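These notes are about the structure you will find just below.
Residue numbers (the working numbering): 115 to 292.
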């Protein structure tokens, strides 16, 4: 009887191990409940006011003219501000639209060349650099929109030719969702 009980115990233990070995080899699967995606409004930017340094006098030494994002001008060295209403200074203004309360980054240009072409003296240029946004390098859309301004620094050379300087292509400000 002891022998039969031992044989039955060995058979029972073997059956348990065989079943668990078979269970480990059986494949398992799951089905995803839902697959979703959301399309958001594309981000867009428009220029509402162009950048205008206004009128000024250039002395023989040259200098710089800074126009802050708030539209305040500061002249250094050989640049003298005028009070003429001709060419009133304005910081560039932009309007951004997009999705709800999304955040975005702003990329400003590094520099820009303004040109005055004259048949008498040839082409003269001035460089605009140090572009700065009123909200820094990032923004947050409130109810899907936000506005900001951009100022910059104009470098005026010595003996700068009198006249109007222009960049006909303007400058690019890029915005991207974070």
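All C-beta atoms, glycine included, are put in the ideal place defined by N, C-alpha and C.
Please read all numbers here as calculations on a predicted model, not as lab measurements.
One Cα belongs to residue 189, the other to residue 195, and the distance between them is close to 7 Å. Looking at the DSSP output, residue 172 sits in a beta bridge with 193.
Boundaries for residue 215: no beta strand (DSSP E) harbours it, and the DSSP string shows neither H nor E there. For residue 159, the uninterrupted beta strand (DSSP E) run begins and ends at 158 to 163, by DSSP. Relative to residue 229, the option among 268, 221, 260, 240 whose CA is nearest is 240. Counting the other Cβ atoms within 10 Å of the Cβ of residue 224 gives fewer than 16, which makes it exposed. Take residue 145, set aside five residues on each side of it, and no residue of its chain has a beta-carbon closer than 7 Å to its own.
Beyond the five residues adjoining it in sequence on each side, residue 205 comes within less than 8 Å, by CB distance, of 163, 165, 181, 182, 183, 184, 185, 248, 263, 264, 265 in the same chain, given in chain order. With contacts defined as CB atoms closer than 8 Å, residue 243 and residue 192 fail to qualify as a contacting pair.
Nearest Cα to residue 275 within the set 174, 140, 221: 174. Straight-line spacing of the CA atoms in residue 219 and residue 177 works out to 32 Å. At the C-beta level, residue 171 and residue 212 stay beyond 8 Å of one another. In the assembly as shown, residue 280 is an exposed residue. Its beta-carbon has fewer than 16 other beta-carbons within 10 Å.
Boundaries of the beta strand (DSSP E) around residue 265: 259 to 270.
If you draw a straight line from the Cα of residue 253 to the Cα of residue 209, it comes to about 11 Å. Excluding the 5 residues flanking it on each side, residue 160 has same chain C-beta neighbours closer than 6 Å at 209, in chain order.
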